[in-house]
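**Student:** Attaching a single structure in structure tokens format; questions to follow.
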Amino acid sequence: MSTFGEWQPRYEEAGIATFPVRDKKPAVQGYLKAGLRASRQFAGRFAAEEAFGFACKRNNICVLDVDTPSEQTLCDALAKFGPTPIIVRSGSGNWQAWYRHNGERRSVRPDPAQPIDILGDGFVVAPPSLGGKGRYELITGSLADIPNLPTMRRPVAENPTQGTPEADTDRIDVGQRNDTLWRACMAKAKSCGSMEELMQFAFAANRASFYEPLPDDEVVRVVASAWRKQLSGENWFGGGGRVVVQHDEIDNVMRRNPDAFLLLTVLRRYHWGREFVVANAMHETMPGGGWTRKRLAAARSWLEKTGEIKQVRPASKTYGPALYRFKGGQF
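Residue -8 is where the sequence shown starts when you use the numbering used here, and the numbers rise one by one after that.
As structure tokens, this is what we get:
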């Protein structure tokens, strides 16, 4: 069996619609809109193909494309854009880092000094495709990590008053301004000796990081919120992520169904603040080991029945796995 024929079902299980690729070009038309049903049809028609790819936006994945074999460049890019469990090496030795799509567009060389593209649209060749220079390889992670991919970090420049090219190329869309500035202030507050110092940082970041800066009164409200968190000891930014567990969840979820409690905790770890899938393949990566598909499905069903998670889109051949959000409107 060819590479595409063997791996198409595996990617489909992870919710990814793939299509055949020849000489790094799609071998079919309409590939950017192809769903899982079309992918299965491609696998039957192109059974001999050794390379395949997937559309980034259509499959809810953004790829950081590092166009150099340099491991240092890859490490620097991950430090800037954030860690991710899936790292791919192409046949030529270059790198891909996969993230959950978060509205990114296709951006070629956003920083002309770095050989890096952000592929929020278009397509990428996927492992273990065989190309002219060798086979694509999964260096870290597996397809089971796809449901748990983090989103790409969009940092506000640490010293925005200098007007560096990095500050210009990393500007944030209008709908993300308030949250982005608040997160930057939370991270900065730990090193500020006063609210006035944080205020100076916020106004500078607001001017440098957004095409349309926030109004001054909104910046003041953002700073006040961040500073209150800092003074109350609730500023956890920069100290590692946290999953907050309420007392009634320990009493009503953990005691009644420990498996469901563990699954809920893992889902919050990776998906808080956005919609998510709970693919059967997650059983391979659950903490403690020993999880089967049946065990994961039972825990997921319990969380649905008790309202801890809510299905917002059922599974389908067109759109792939079911989509969920947490109770209380927290996606």
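We treat Cβ as the ideally placed atom computed from N, Cα and C, and that holds for glycine.
Whose CA, out of Glu187, Val213, Ser185, Trp282, lies closest to the CA of Asn197?
**Tutor:** Along the sequence shown, read from residue 1 onward, the residue named residue 197 stands at position 206. It is Val213.
**Student:** Tell me, please, which residues DSSP counts as bridged to Phe267.
**Tutor:** Position 276 of the sequence shown, counted from the first residue, corresponds to residue 267. Bridge partners of Phe267: Tyr315.
**Student:** Go through its chain and collect everything with a Cβ distance to Glu40's Cβ below 6 Å, but skip five positions before and after it.
**Tutor:** Walking along the sequence shown from the start, residue 40 turns up at place 49. Same-chain partners within the cutoff: Ser(-7), Phe(-5), Pro11.
**Student:** Candidates Arg259, Thr283, Ala46: which alpha carbon is nearest Val19's?
**Tutor:** Here the question's residue 19 lines up with position 28 in the sequence shown. Looking at the Cα atoms, Ala46 is the closest of the given residues.
**Student:** Just mark Lys296 as buried or exposed, buried being the case when its beta carbon has 16 or more other beta carbons within 10 Å.
**Tutor:** Looking up residue 296 in the sequence shown gives position 305. Classification for Lys296: exposed.
**Student:** Under 8 Å between the Cβ atoms of Asn139 and Pro204?
**Tutor:** Taking the first residue of the sequence shown as position 1, residue 139 is located at position 148. Taking the first residue of the sequence shown as position 1, residue 204 is located at position 213. No, the Cβ-Cβ distance between Asn139 and Pro204 is not below 8 Å.
**Student:** Would you tell me roughly how many angstroms separate the C-alpha atoms of Leu189 and Arg168, rounded to the nearest one?
**Tutor:** Translated into positions along the sequence shown, residue 189 becomes position 198. Translated into positions along the sequence shown, residue 168 becomes position 177. Their Cα atoms are separated by approximately 17 Å.
**Student:** Less than 8 Å between the beta carbons of Tyr261 and Pro141, yes or no?
**Tutor:** Sequence index remark: in the sequence shown, residue 261 carries index 270 (1-based). Sequence index remark: in the sequence shown, residue 141 carries index 150 (1-based). Contact flag set, yes.
**Student:** Could you check where the alpha helix (DSSP H) with Asp208 kicks off and where it finishes?
**Tutor:** Locating residue 208 in the sequence shown gives position 217, where the first residue counts as 1. Its alpha helix (DSSP H) spans residues 207 to 222.
**Student:** From the beta carbon of Gly73, is the nearest beta carbon of chain D less than 8 Å away?
**Tutor:** Of the protein chains in the structure, only one exists, and it is not chain D.
**Student:** For Ile130, count the other beta carbons within 10 Å of its own beta carbon; 16 or more makes it buried, fewer makes it exposed. Which is it?
**Tutor:** As a first step, residue 130 is located in the sequence shown; it is residue number 139 there, counting from the start. Exposed, since its Cβ has fewer than 16 Cβ neighbours within 10 Å.
**Student:** For Asp58, which option in Val115, Tyr315, Pro249 has the closest C-alpha, if you only look at C-alpha atoms?
**Tutor:** One-based indexing of the sequence shown puts residue 58 at position 67. The candidate whose alpha carbon is nearest that of Asp58 is Val115.
**Student:** Following the continuous alpha helix (DSSP H) through Glu4, name the residue where it begins and the one where it ends.
**Tutor:** By 1-based counting over the sequence shown, the position of residue 4 is 13. Start and end: -6 to 4.
**Student:** Are the CB atoms of Pro312 and Val268 nearer to each other than 8 Å?
**Tutor:** Sequence index remark: in the sequence shown, residue 312 carries index 321 (1-based). Sequence index remark: in the sequence shown, residue 268 carries index 277 (1-based). Going by C-beta atoms, Pro312 is nearer than 8 Å to Val268.
**Student:** Where does Leu140 fall in DSSP's three states?
**Tutor:** As a first step, residue 140 is located in the sequence shown; it is residue number 149 there, counting from the start. Here Leu140 sits in coil by DSSP.
**Student:** So Asp170 is in the alpha helix (DSSP H); what residue range does that whole segment cover?
**Tutor:** As a working mapping, residue 170 is identified with position 179 in the sequence shown. Looking at the DSSP string, the run of the alpha helix (DSSP H) that includes Asp170 is 168 to 180.
**Student:** Rounded to the nearest angstrom, what separates Arg316 and Leu255 at their Cα positions?
**Tutor:** Indexing the sequence shown from 1 puts residue 316 at position 325. Indexing the sequence shown from 1 puts residue 255 at position 264. Their Cα atoms are separated by approximately 11 Å.
**Student:** Leaving out five residues on either side along the sequence, give the residues of the same chain with a beta carbon under 7 Å from the beta carbon of Thr160.
**Tutor:** Numbered from 1 along the sequence shown, position 169 holds the residue referred to as residue 160. Model confidence at Thr160 stands at a pLDDT of 37, short of 50, so the residue's coordinates are unreliable; what they give is reported in the following sentence. So the qualifying residues of the chain are Pro101, Asp102.
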